Amino acid sequence: MNPACKLQLKNVSKLFRTARGGTVQALAPVDLDIPAHRFVTIIGPSGCGKSTLFNIISGLTEPSTGEILVDGKTVNGTSGIVGYMLQKDLLLPWRTILDNVILGMEIRGVPKREAKAKALPLLRKYGLGGFEHSYPSQISGGMRQRAALLRTILYDKDIILLDEPFGALDAQTRALMQEWLLDLWDDFQKTILFITHDLEEAIYLSDEVYIMSARPGSIKAHLHIDLERPRKPTIVTSKRFVELKEEALRILSAEALKAYDQEKAG
Amino acid sequence: MSMTEKAVIAERPVAVRKRETAGKSSWIQKEQRPLNGTIVQISRFLVFAAIVALWEIGATLGWINSFFWSKPSDIAATWWIIVQNGSAWSDTLFTFRSTIAGFVIGTLAGAVIGLTFWWSRLYAQTIEPFVIMFEAMPKLALAPIIVLIFGIGLASKVAMAVAITIVITILTTYNGMKSVDKDLVRMIYTLGATRWQVFSKVVVPWTIPSIISALRINIGLALTGAIVGEYIGSQHGLGRLIFYAGQTYEISLIWAGILNLSILSMVLYLAITWVEKKLLKGFMH
Numbered sequence: 116m117n118p119a120c121k122l123q124l125k126n127v128s129k130l131f132r133t134a135r136g137g138t139v140q141a142l143a144p145v146d147l148d149i150p151a152h153r154f155v156t157i158i159g160p161s162g163c164g165k166s167t168l169f170n171i172i173s174g175l176t177e178p179s180t181g182e183i184l185v186d187g188k189t190v191n192g193t194s195g196i197v198g199y200m201l202q203k204d205l206l207l208p209w210r211t212i213l214d215n216v217i218l219g220m221e222i223r224g225v226p227k228r229e230a231k232a233k234a235l236p237l238l239r240k241y242g243l244g245g246f247e248h249s250y251p252s253q254i255s256g257g258m259r260q261r262a263a264l265l266r267t268i269l270y271d272k273d274i275i276l277l278d279e280p281f282g283a284l285d286a287q288t289r290a291l292m293q294e295w296l297l298d299l300w301d302d303f304q305k306t307i308l309f310i311t312h313d314l315e316e317a318i319y320l321s322d323e324v325y326i327m328s329a330r331p332g333s334i335k336a337h338l339h340i341d342l343e344r345p346r347k348p349t350i351v352t353s354k355r356f357v358e359l360k361e362e363a364l365r366i367l368s369a370e371a372l373k374a375y376d377q378e379k380a381g
Numbered sequence: 011m012s013m014t015e016k017a018v019i020a021e022r023p024v025a026v027r028k029r030e031t032a033g034k035s036s037w038i039q040k041e042q043r044p045l046n047g048t049i050v051q052i053s054r055f056l057v058f059a060a061i062v063a064l065w066e067i068g069a070t071l072g073w074i075n076s077f078f079w080s081k082p083s084d085i086a087a088t089w090w091i092i093v094q095n096g097s098a099w100s101d102t103l104f105t106f107r108s109t110i111a112g113f114v115i116g117t118l119a120g121a122v123i124g125l126t127f128w129w130s131r132l133y134a135q136t137i138e139p140f141v142i143m144f145e146a147m148p149k150l151a152l153a154p155i156i157v158l159i160f161g162i163g164l165a166s167k168v169a170m171a172v173a174i175t176i177v178i179t180i181l182t183t184y185n186g187m188k189s190v191d192k193d194l195v196r197m198i199y200t201l202g203a204t205r206w207q208v209f210s211k212v213v214v215p216w217t218i219p220s221i222i223s224a225l226r227i228n229i230g231l232a233l234t235g236a237i238v239g240e241y242i243g244s245q246h247g248l249g250r251l252i253f254y255a256g257q258t259y260e261i262s263l264i265w266a267g268i269l270n271l272s273i274l275s276m277v278l279y280l281a282i283t284w285v286e287k288k289l290l291k292g293f294m295h
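Protein chains in written order, with the working numbering: chain A, 116 to 381; chain B, 11 to 295.
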């Protein structure tokens with residue numbers, strides 16, 4: 116085993132039983148090696164099993180075959196090993212932002228006062244200063260999403276899964292959030308696994324982009340993004356960026372077509 | 011008569027508030043000017059005064075059989091007597107105590123039982139039809155048995171109030187709990203929560219507003235239970251006062267007891283509405 120590998124998937128697949136007693140293959144066997152501190156994005160047509168993959172890695176679902184290894188140890192079906200953030204912010208409406216952000220630490224048994232002391236400077240640093248004692252319904256969608264992300268970061272796991280975290284935000288907020296995420300990633304040295312539908316977002320943020328095939332999902336292609344960091348937002352117009360985007364688009368559109376045909380047939 | 015008036019006037023603020031909020035949300039008032047509050051109050055008072063006056067005059071002139079209907083002046087006089095000799099207070103206090111005890115026990119126990127349903131689907135689905143069966147049963151019919159079991163003291167009234175509030179609270183709690191956002195549960199599991207932590211940090215807080223919404227219904231139900239318990243067998247309470255007055259044909263005393271009961275019911279309702287508002291405000295944002 117490669118010691119630098121933070122997260123490994125070996126032959127991981129998922130079969131779902133349908134109500135009629137049949138089975139549907141949601142995920143074809145997937146192998147992935149993800150080194151520590153990388154920003155890795157998974158992109159693919161809708162319904163390709165990206166979210167199933169994340170549910171398996173986070174331990175919410177057991178895989179039908181295969182193994183998930185974190186730091187070389189099998190963690191199949193164990194939740195709480197990785198940080199996981201969904202598209203919805205899922206803040207608890209009856210808790211203040213501060214109390215929401217410390218939820219992960221609270222569950223781990225960190226004393227509340229200590230957890231708050233740790234969270235407060237971060238809230239201020241990442242643009243939530245002055246809103247610590249607000250409730251989720253009192254702040255904007257972008258701020259809620261930031262709070263949810265901080266909660267995930269403060270849960271303090273080396274690996275963080277982000278399932279379309281900015282999917283519901285408007286374009287401007289989304290651009291800001293991307294910058295902000297890169298800052299966080301840089302500051303906390305996490306390994307990030309990111310799902311998105313947005314190819315530009317994928318290339319802009321990532322070190323590696325994996326393209327998944329239509330259902331049953333499997334890794335179709337791998338793009339190494341060799342753009343230098345730190346990246347400026349204007350990088351999207353550079354020659355290399357456009358080349359990478361073209362290559363990805365070619366693969367993606369073929370898969371999207373296949374997914375469309377499947378949907379028509381099925 | 012003046013006392014009767016005061017008691018009914020006390021009800022007005024609630025009625026006014028309700029009407030106003032209903033007006034704001036459900037009508038688009040285009041060319042209607044808002045009504046002057048004082049005029050509304052005066053016209054309500056006039057309606058009330060007219061009813062009381064008609065009753066009094068009708069009973070005096072023999073249009074209404076005053077043997078069954080009594081008349082406002084007699085009722086007020088009787089009410090004044092029981093207020094002065096203290097029996098109004100002690101009976102009201104007795105009914106108040108059993109109502110509150112039954113309300114608190116029934117609501118708390120119902121909420122706790124409802125919440126236990128989260129722990130096992132097999133358990134919840136096995137028990138649910140029995141709870142619904144018990145809810146469908148008219149629980150007032152249990153009164154004779156409950157009085158036999160618990161005696162004619164406070165305990166049987168409390169038991170009646172509990173029987174009548176507990177089931178509806180279980181069902182309200184269970185339904186509120188079933189609506190818990192599955193994604194919130196998933197989220198807290200990914201933070202490594204144990205089942206107990208999922209329960210205490212997501213499921214219980216999620217369900218609390220449903221439980222709070224049961225309070226206002228429960229206070230009325232608890233009072234009904236306590237009164238029926240007193241009808242069947244008791245030495246104290248407003249229910250016993252009314253029942254006793256009925257058996258001895260003291261019609262004014264029946265009405266005086268009902269008047270007292272209405273005041274108690276209104277005070278309880280207003281108090282619970284206030285508590286409910288405070289609780290929800292502290293909870294929902």
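Note that CB positions come from ideal geometry on N, CA and C, so glycine has one too.
The structure displayed is predicted, hence computed values, not measured ones.
Discussion item. By the three-class DSSP mapping on this structure, what secondary structure does A/Thr156 have?
Written reply: Within the first sequence, residue 156 of chain A is the residue found at index 41, counting from 1. Strand.
Practice prompt. Could you name the residues of chain B that A/Lys233 contacts, counting a contact when the two beta carbons are closer than 8 Å?
Written response: By one-based count along the first sequence, residue 233 of chain A stands at place 118. Within chain B, no residue comes near A/Lys233; the closest Cβ sits about 15 Å away, beyond 8 Å.
Worksheet item: Buried or exposed: B/Leu45, going by 16 or more other Cβ atoms within 10 Å of its Cβ?
Response: Along the second sequence, one-based indexing puts residue 45 of chain B at 35. It is exposed - the Cβ of B/Leu45 has fewer than 16 other Cβ atoms within 10 Å.
Discussion item. Report the CB separation of A/Glu279 from A/Gln377 in whole angstroms; it is logged as a contact under 8 Å.
Written reply: For the purposes of this step, residue 279 of chain A is identified with residue 164 of the first sequence, where counting begins at 1. For the purposes of this step, residue 377 of chain A is identified with residue 262 of the first sequence, where counting begins at 1. With 8 Å as the limit, A/Glu279 and A/Gln377 do not qualify as a contact, their Cβ atoms being about 21 Å apart.
Item to complete: Measure the CB-CB distance between A/Leu338 and A/Ile326 and report whether it falls below 9 Å.
Response: The residue given as residue 338 of chain A occupies position 223 in the first sequence. The residue given as residue 326 of chain A occupies position 211 in the first sequence. Contact flag set, yes.
Discussion item. Contact criterion: CB-CB distance below 9 Å. Does B/Val213 meet it with respect to chain A?
Written reply: Within the second sequence, the letter at position 203 stands for residue 213 of chain B. Under the Cβ distance rule, B/Val213 does not count among the residues neighbouring chain A, no pair being separated by less than 9 Å.
Practice prompt. Kindly say whether B/Ala121, judged by its beta-carbon, lies nearer than 9 Å to any beta-carbon of chain A.
Written response: Against the second sequence, residue 121 of chain B aligns to sequence position 111. It does not: the Cβ of B/Ala121 has no partner Cβ on chain A nearer than 9 Å.
Item to complete: Give the DSSP-derived three-state secondary structure of A/Phe246 in the structure shown.
Response: Reading the first sequence from its first residue, position 131 is the one you call residue 246 of chain A. The answer is coil: DSSP assigns A/Phe246 none of H, G, I, E or B.
Item to complete: Within the same chain, show all residues whose beta-carbon is closer than 6 Å to that of B/Ser76, passing over the 5 residues directly before and after it, in chain order.
Response: Position 66 of the second sequence, counted from the first residue, corresponds to residue 76 of chain B. In its chain, beyond the 5 residues on either side, Ala69 have a beta carbon closer than 6 Å to the beta carbon of B/Ser76.
Practice prompt. Please say whether A/Val197 and B/Thr204 have beta carbons closer to each other than 9 Å?
Written response: Within the second sequence, the letter at position 194 stands for residue 204 of chain B. Within the first sequence, the letter at position 82 stands for residue 197 of chain A. Not in contact: B/Thr204 and A/Val197 (Cβ atoms no closer than 9 Å).
Discussion item. Using C-beta distances below 6 Å, list every residue in its chain close to A/Leu235, excluding the 5 sequence neighbours before and after it, in chain order.
Written reply: Stepping through the first sequence from its first residue, residue 235 of chain A is reached at position 120. Taking A/Leu235 as the centre and dropping the five residues before and after it, the same chain places no C-beta closer than 6 Å to its C-beta.
Worksheet item: Is any beta-carbon of chain A found at less than 9 Å from that of B/Val194?
Response: The sequence position of residue 194 of chain B within the second sequence is 184, counting from 1. For clarity, residue 194 of chain B is Leu in the given sequence; the question names Val instead. Closer than 9 Å to some Cβ of chain A, the Cβ of B/Leu194 qualifies, so yes.
Item to complete: Can you tell me which of B/Leu248, B/Leu289, B/Tyr279, B/Lys287 puts its alpha carbon nearest to the alpha carbon of B/Leu269?
Response: Taking the first residue of the second sequence as position 1, residue 269 of chain B is located at position 259. If we check each option's Cα against that of B/Leu269, B/Leu248 comes out closest.
Worksheet entry | Cut-off 8 Å between Cβ atoms - residues of its own chain near A/Asp99, not counting five sequence neighbours on either side | Any property of residue 99 of chain A remains undetermined from this structure, which presents chain A solely from 116 to 381.
Worksheet item: At which residues does the beta strand (DSSP E) containing A/Asn76 begin and terminate?
Response: Given that chain A is displayed from residue 116 to residue 381, the structure contains no residue 76 of chain A and the question cannot be resolved.
Discussion item. For B/Glu145, tell me which candidate among B/Val168, B/Trp65, B/Ile180, B/Phe113 has the shortest Cα-Cα distance.
Written reply: Sequence index remark: in the second sequence, residue 145 of chain B carries index 135 (1-based). B/Ile180 is the residue among B/Val168, B/Trp65, B/Ile180, B/Phe113 whose C-alpha sits nearest the C-alpha of B/Glu145.
Item to complete: Check A/Val190 in the structure and name its three-state DSSP category.
Response: Mapped onto the first sequence, residue 190 of chain A falls at position 75. Coil.
Worksheet item: With a cut-off of 9 Å, does the C-beta of A/Gly282 fall near any C-beta of chain B?
Response: Within the first sequence, the letter at position 167 stands for residue 282 of chain A. No, A/Gly282 does not count as interfacial toward chain B.
Discussion item. Suppose you measure from the CA of B/Leu274 to the CA of B/Lys167; what does that come to, to the nearest Å?
Written reply: To locate residue 274 of chain B, count along the second sequence from 1; it is residue 264. To locate residue 167 of chain B, count along the second sequence from 1; it is residue 157. C-alpha separation (whole angstroms): 16 Å.
Discussion item. Would B/Thr217 pass as an interface residue toward chain A - the criterion being a Cβ-Cβ separation below 9 Å?
Written reply: Numbered from its first residue, the second sequence carries residue 217 of chain B at position 207. Taking a beta-carbon distance threshold of 9 Å, B/Thr217 does not count as an interface residue toward chain A.
Worksheet entry | For A/Leu168 and A/Thr189, the rounded distance between their alpha carbons | Numbered from its first residue, the first sequence carries residue 189 of chain A at position 74. Numbered from its first residue, the first sequence carries residue 168 of chain A at position 53. Their Cα atoms are separated by approximately 16 Å.
Item to complete: With DSSP collapsed to three states, give me the class of B/Ser275.
Response: On the second sequence, position 265 is the one that residue 275 of chain B refers to. The answer is helix: DSSP assigns B/Ser275 an H, G or I state.
Discussion item. Please tell me whether B/Gly230 and B/Ala169 are closer than 9 Å, where the distance is taken between their beta carbons.
Written reply: Reading the second sequence from its first residue, position 220 is the one you call residue 230 of chain B. Reading the second sequence from its first residue, position 159 is the one you call residue 169 of chain B. No, the Cβ-Cβ distance between B/Gly230 and B/Ala169 is not below 9 Å.
Worksheet item: Can you check whether the CB of A/Lys129 is closer than 9 Å to the CB of A/Ile183?
Response: As a working note, residue 183 of chain A is residue 68 in the first sequence. As a working note, residue 129 of chain A is residue 14 in the first sequence. For the pair A/Ile183 and A/Lys129, the CB atoms are not nearer than the 9 Å cut-off.
Worksheet item: Across which residues does DSSP place A/Ile140 in a beta bridge pair?
Response: The residue you call residue 140 of chain A lines up with position 25 of the first sequence. A small fix is needed here, since residue 140 of chain A is Gln in this sequence, not Ile. Note: A/Gln140 is bridge-paired with A/Leu130 in the DSSP secondary-structure output.
Worksheet item: A/Ile318 and A/Leu359 look like a contact to me (Cβ under 8 Å); what is the Cβ gap, rounded to whole Å?
Response: Against the first sequence, residue 318 of chain A aligns to sequence position 203. Against the first sequence, residue 359 of chain A aligns to sequence position 244. Right, the Cβ-Cβ distance comes to about 5 Å (below 8 Å), so this counts as a contact.
Discussion item. Between which two residues does the alpha helix (DSSP H) holding B/Met187 run?
Written reply: In the second sequence, the residue the question calls residue 187 of chain B occupies position 177. Start and end: 164-188.
Discussion item. B/Trp206 and B/Val190 - do their beta-carbons sit closer together than 9 Å?
Written reply: The residue labelled residue 190 of chain B in the question sits at position 180 within the second sequence. The residue labelled residue 206 of chain B in the question sits at position 196 within the second sequence. Between B/Val190 and B/Trp206, the CB-CB gap reaches or exceeds 9 Å.
Discussion item. Rounded to the nearest angstrom, what separates A/Thr180 and A/Val145 at their Cα positions?
Written reply: For this step, residue 180 of chain A is matched to residue 65 along the first sequence. For this step, residue 145 of chain A is matched to residue 30 along the first sequence. Distance between the alpha carbons of A/Thr180 and A/Val145: 10 Å.
Item to complete: In the DSSP assignment, find the alpha helix (DSSP H) that holds A/Met220 and state where it starts and stops.
Response: For the purposes of this step, residue 220 of chain A is identified with residue 105 of the first sequence, where counting begins at 1. In the DSSP assignment, A/Met220 falls within the unbroken alpha helix (DSSP H) covering 218-223.
Worksheet entry | Cβ of B/Tyr199 within 9 Å of any chain A Cβ | Position 189 of the second sequence, counting from 1, holds the residue named residue 199 of chain B. For B/Tyr199, the answer is yes, since a Cβ of chain A falls inside 9 Å of its Cβ.
Worksheet item: Using a Cβ-Cβ distance under 9 Å, would A/Gly198 count as near chain B?
Response: Against the first sequence, residue 198 of chain A aligns to sequence position 83. Yes, contact with chain B.
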